[in-house]
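Take a look at the structure set out below.
Numbering (full-length UniProt numbering), first residue to last: 1 to 235.
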């Protein structure tokens with residue numbers, strides 16, 4: 001059974017009225033001489049003030065209780081919002097880590113995409129001293145590393161694939177540009193000079209002149225000028 005605030009006020013008021021009446025009834029009555037009319041009783045507001053005071057106290061307590069409950073609810077709301085924001089940030093961080101792992105997991109034989117081109121690294125040659133033939137050749141300052149890549153145009157129009165946007169990266173994070181001149185010396189490496197039509201692919205050999213003892217980590221392949229490119233592990 002649930003007792004409301006107003007039920008409680010009614011009970012207190014009834015109790016006060018009952019006790020006040022009882023006190024007035026039990027009190028001894030003054031004796032007066034025979035044939036002498038008693039003085040008129042003085043009007044008193046004592047009972048009314050007691051009732052009003054009791055009701056006011058109960059109402060005040062009820063208001064305090066309601067105010068405390070409202071403040072408690074307001075204090076809980078920011079905490080819940082903070083928790084939701086924390087969960088959201090955590091989910092976003094997890095998604096970013098997952099995307100990073102997916103990008104880093106690309107390796108030789110995997111197909112990656114950047115811009116209007118798809119790339120598949122098929123082979124890596126290192127320790128090459130020179131490229132070309134007996135009539136036209138170029139020697140490496142250190143060693144040539146030749147990365148064989150299949151490039152496919154997945155765009156809507158013919159586009160030129162340029163080796164100037166491609167970079168090879170060592171384990172220390174140093175980047176090396178492709179040697180365009182050495183690339184031209186390689187026979188049938190025409191994809192570096194011709195447009196690739198939509199839906200067609202071409203076999204490309206990217207040549208890099210790097211130090212002899214360098215330890216390579218990955219190659220960054222870009223489909224468009226100024227693109228951040230996509231990374232493929234070489235080991």
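Ideal Cβ placement from N, Cα and C applies to all residues, glycine included. Quantities reported herein were computed from a predicted structural model and do not represent experimental measurements.
Per DSSP, the bridge partner or partners of residue i
i, result
"residue 142", "Beta-bridge pairing links residue 142 to no other residue."
"residue 176", "168"
"residue 120", "111, 150"
"residue 195", "160"
"residue 207", "146"
Nearest to residue i (by Cα), restricted to the options the options
i, options, result
"residue 212", "188, 232, 181, 141", "141"
"residue 146", "109, 182, 134, 154", "182"
"residue 133", "223, 192, 201, 187", "187"
"residue 157", "149, 114, 199", "199"
"residue 173", "115, 153, 233", "233"
"residue 121", "205, 137, 197", "205"
"residue 179", "210, 160, 201", "210"
"residue 223", "115, 111, 106", "115"
"residue 167", "155, 221, 160, 150", "221"
"residue 127", "150, 214, 227", "214"
"residue 227", "184, 129, 143, 161", "161"
"residue 229", "165, 193, 105, 131", "165"
"residue 129", "123, 135, 139", "139"
For residue i, three-class secondary structure by DSSP
i, result
"residue 221", "strand"
"residue 234", "coil"
"residue 214", "coil"
"residue 159", "strand"
"residue 136", "coil"
"residue 127", "strand"
"residue 202", "strand"
"residue 183", "helix"
is_contact[residue i, chain B] using C-beta, thresh 8 angstroms
i, result
"residue 156", "The structure shown contains no chain B; it holds only a single protein chain."
Local Cβ density within 10 Å of residue i, reported as buried at 16 or more and exposed below that
i, result
"residue 225", "exposed"
"residue 195", "exposed"
"residue 152", "buried"
"residue 218", "buried"
"residue 176", "buried"
"residue 235", "exposed"
"residue 197", "exposed"
"residue 163", "buried"
"residue 110", "exposed"
"residue 136", "exposed"
"residue 193", "exposed"
"residue 131", "buried"
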